[in-house]
Amino acid sequence: MTLTATLREADLVRPLPKGYVQCRACAHYCAVPEGKAGKCGVRRNFGGRLYLVTYGKAAAVHLDPVEKKPLYHFHPGEGILSVGTVGCNLFCAFCQNWQISQFREFKVTPEGLLDRPIGEDWPPEAIVAEAEALGVRLLAYTYNEPVVWIEYTHDTAKLAKERGMKNVFVTSGFETEEAWEYITPYLDAANVDLKGFTEKFYREVCGARLKPVLQSLEHLVAKGVWVEVTTLLLEGYNDAPEEVRAMARFLKGLSPEVPWHLTAAHPDYRMLDLRPTRHATLVRAYEIAKEEGLKFVYVGNVLDPERSSTRCPDCGRLLVQRRGYRVETLWDTPGVCPGCGRRIPGVWTW
2 MTLTATLREA DLVRPLPKGY VQCRACAHYC AVPEGKAGKC GVRRNFGGRL
52 YLVTYGKAAA VHLDPVEKKP LYHFHPGEGI LSVGTVGCNL FCAFCQNWQI
102 SQFREFKVTP EGLLDRPIGE DWPPEAIVAE AEALGVRLLA YTYNEPVVWI
152 EYTHDTAKLA KERGMKNVFV TSGFETEEAW EYITPYLDAA NVDLKGFTEK
202 FYREVCGARL KPVLQSLEHL VAKGVWVEVT TLLLEGYNDA PEEVRAMARF
252 LKGLSPEVPW HLTAAHPDYR MLDLRPTRHA TLVRAYEIAK EEGLKFVYVG
302 NVLDPERSST RCPDCGRLLV QRRGYRVETL WDTPGVCPGC GRRIPGVWTW
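For what it's worth, my numbering labels the leading residue of the sequence shown as 2, then goes sequentially.
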């Protein structure tokens, strides 16, 4: 059987001398020579033009609860069709989806001939049709970094938006401003990983830089995209109280009402000796974040119903009760506290 890929010419590019082309989707700004790929492995230069070689090829398609993204202030209790491809622009040593995100061991010709499978055929029309067939109205671009397949996400999100659906990025936030301008007309929400708060951690553990992530968060909030933030706490790497406090202060500067998910890590990929995050470590970080004035802080990847549920920050009333992925909303008017009338930030209705 002949394996083929659809080569979609990239939209975010700049020609360079000697047949090179610069990819302007992510903050690596790779200068890609003829016949080679950017750091992500899936944006390749053929004949002085940059192509996305995973267009329409999904390596993972699953129906998830929206809370799994995690998004707690965005249509709680609804299902979300989640899609990912191979390739990533980061190299996180603790990656929990490394089998697809770090997969680069394939060859593709300028004609689109592949030497091995890279996913199943899921063109944008098929993804949207699947969501309709499942009766879900939310789509997530997730599992690997969506910016590396941004033309595929763009075309899918545009079609989904035309069909009355909403689109979510689950992202490292290592996009360029051009990439955000390209996708945000069709983007409703994003969960952004704030993986740490030092350049050393980003450089040595993730193969990236911190500053572009902070700029992405500022850009998304300014553009009105609903934003929630996740930090996977790795003991001995990014969980020091002073680092957690610095992250909390940055997020409060964006908005004290940005939800922050503090989640437990487990050994994986190239960090098999990592200590699983203790519940006490999560609780300590949670308490620091609350001390710094963040209104909505959550603990995840452990069973902690109290710290994963939503309470009114004014009167303390329980508003959304969560136990794992079981969700119960406890208000008459979505997004309004029945105890004191405070409006809770988020996207609660259609």
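For glycine and all other residues, C-beta sits at the position ideal for the given N, C-alpha and C.
In this text the structure is predicted, and so the values were computed from the model without any measurement.
Between Leu-51 and Cys-24, the CB-CB gap stays under 8 Å. Classified as exposed, Gln-100 has fewer than 16 neighbouring CB atoms from the shown chains inside 10 Å of its CB.
Counting along the chain, Val-22 sits inside the beta strand (DSSP E) bounded by residues 22–24.
The C-beta separation of Trp-150 from Val-43 comes to about 7 Å, placing the pair in contact by the 8 Å criterion. Cβ neighbours of Asp-194 within its own chain (closer than 6 Å, five residues either side excluded): Ser-173, Thr-231. If you draw a straight line from the Cα of Gly-78 to the Cα of Pro-346, it comes to about 17 Å.
Runs of the alpha helix (DSSP H) spanning 4 or more residues and lying entirely within the stretch 255–293 occur at 280–292, in chain order.
With fewer than 16 neighbouring CB atoms inside 10 Å of its own CB, Cys-316 falls in the exposed class. With a cutoff of 8 Å on beta-carbon distance, Thr-55 and Tyr-153 are scored as near each other. Ranked by Cα distance from Pro-186, the options Leu-215, Phe-175, Val-214, Trp-227 are led by Trp-227. Taking Thr-278 as reference, the option from Leu-233, Met-166, Pro-314 with the minimal CA-CA separation is Leu-233. With a cutoff of 8 Å on beta-carbon distance, Gly-336 and Arg-344 are scored as near each other. Annotation: the continuous alpha helix (DSSP H) that includes Trp-99 extends over 99–102.
For Val-54, the enclosing beta strand (DSSP E) covers residues 50–56.
Judged by DSSP secondary structure, Ser-310 falls outside any beta strand (DSSP E); it is assigned neither H nor E. Going by DSSP, Ala-180 is part of the alpha helix (DSSP H) stretching over 178–184. The Cβ neighbour count for Glu-182, taken over all protein chains shown within 10 Å, is under 16; the residue is labelled exposed. Burial is judged here by how many other beta carbons sit within 10 angstroms of a residue's own beta carbon; His-63 has fewer than 16 and is exposed. With 16 or more other Cβ atoms from the protein chains shown falling within 10 Å of its own Cβ, Arg-45 counts as buried. Collapsing the DSSP output to three states places Ala-32 in a strand.
The Cβ atoms of Pro-306 and His-74 do not sit closer than 8 Å to each other.
Measuring C-alpha to C-alpha distances from Ala-190 to each of Leu-221, Ser-83, Ala-266 identifies Leu-221 as the nearest. Burial is judged here by how many other beta carbons sit within 10 angstroms of a residue's own beta carbon; Tyr-326 has fewer than 16 and is exposed.
Nearest to Leu-283 by C-alpha distance, out of Pro-118, Val-245, Leu-319, is Val-245. Around the beta-carbon of Glu-176, 16 or more other beta-carbon atoms lie within 10 Å, marking it buried.
DSSP, read as helix, strand or coil, puts Lys-40 in coil.
Here Asn-239 is actually not in contact with Gly-301; their C-beta atoms are around 15 Å apart, not less than 8 Å. Segment contact: the stretch 286–295 against the stretch 253–270, three or more CB-CB distances shorter than 8 Å; contact assigned.
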